[in-house]
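In the order they appear, the protein sequences are chains L and D.
Per our numbering, the first sequence starts with residue 36, numbered consecutively.
Per our numbering, the second sequence starts with residue 1437, numbered consecutively.
No residue lacks a Cβ here, since even glycine has one placed at the ideal position from N, Cα and C.
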Amino acid sequence: SAVISQKPSRDICQRGTSLTIQCQVDSQVTMMFWYRQQPGQSLTLIATANQGSEATYESGFVIDKFPISRPNLTFSTLTVSNMSPEDSSIYLCSVSYRGEGQKLFFGSGTQLSVL
Amino acid sequence: DAKTTQPPSMDCAEGRAANLPCNHSTISGNEYVYWYRQIHSQGPQYIIHGLKNNETNEMASLIITEDRKSSTLILPHATLRDTAVYYCIVTGTYKYIFGTGTRLKVLA
Chain L
36 SAVISQKPSR DICQRGTSLT IQCQVDSQVT MMFWYRQQPG QSLTLIATAN
86 QGSEATYESG FVIDKFPISR PNLTFSTLTV SNMSPEDSSI YLCSVSYRGE
136 GQKLFFGSGT QLSVL
Chain D
1437 DAKTTQPPSM DCAEGRAANL PCNHSTISGN EYVYWYRQIH SQGPQYIIHG
1487 LKNNETNEMA SLIITEDRKS STLILPHATL RDTAVYYCIV TGTYKYIFGT
1537 GTRLKVLA
């Protein structure tokens, strides 16, 4: 099964600062995604991380607020910029693998609290 | 918006079968039905998926109606560790739209 390492697992940050979340996968994947789960809510897709090019953002999410990088097939970062308490959420990396169809595998998530 | 509708919560006695329904009346011909579960605040875990036929694996069974407008996830012998939020997702791509899911509570 997939091994998806997400760092940090949790953090408490001050308003106005930025946090970069890392997602490292054990083998080459076809697609990488970032999701957000606000307290008590379901998961919402933020963007698709594209290797070597700009991420594809969903409606309501913009690059200035959530810059994403994917320098190679197995690594991606999500930055939450200029944070406010409304950004307090769980952020999740997910990936798909060749041969697994459209099945997604999820990391354990980053629990972010903004004070 | 999510393409699926699920009851917000269900209870099931330990050792009994848990049957979780999902309505997806607007499903397209090339869209699959996927089921995931999320235990506490962990990342969602894949359970099973299907297109038309019923499917079974070591975790669960998936029953899809002939018109494909609804499905049922069956956990044959629920345990306390099956307490989780269960999400039914309909998609023809990698883009998942999560609904609110069903919070299943397995009772001792």
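Pull up the CB-CB distance for S1477 of chain D and Q146 of chain L, whole angstroms please, since I reckon it's below 8 angstroms. 7 angstroms
Can you list, in chain order, the stretches of the beta strand (DSSP E) that have 3 or more residues and sit fully within the stretch 41-122 of chain L? 45-48, 54-60, 66-72, 78-84, 103-107, 110-115
What does G75 of chain L reach in chain D if we use C-beta pairs closer than 9 angstroms? The contacting residues do not exist; G75 of chain L stays about 10 angstroms from chain D at best.
Residues in the same chain with beta-carbon distance under 7 angstroms from S1506 of chain D, minus the five sequence neighbours each way, listed in chain order, please. P1457, C1458, N1459, H1460
Under 8 angstroms between C-beta atoms of L113 of chain L and Y126 of chain L: yes
8 angstroms Cβ cutoff met for Y1522 of chain D and R1473 of chain D: yes
Does the Cβ of G144 of chain L lie closer than 7 angstroms to at least one heavy atom of the ligand PLP? For the ligand PLP, the structure offers nothing, since it holds no ligand at all.
Is there at least one Cβ from chain D nearer than 8 angstroms to G144 of chain L's Cβ? yes
Is there a Cβ from chain D that is less than 8 angstroms from the Cβ of I125 of chain L? yes
Just by C-beta distance, which residues in the stretch 1481-1495 of chain D are closer than 9 angstroms to chain L? Q1481, Y1482, H1485
Taking the C-alpha atoms as reference points, what is the distance between M1446 of chain D and T65 of chain L? 36 angstroms
May I have the straight-line CA-CA distance separating D122 of chain L from E1502 of chain D, to the nearest angstrom? The C-alpha of E1502 of chain D is placed about 43 angstroms away from the C-alpha of D122 of chain L.
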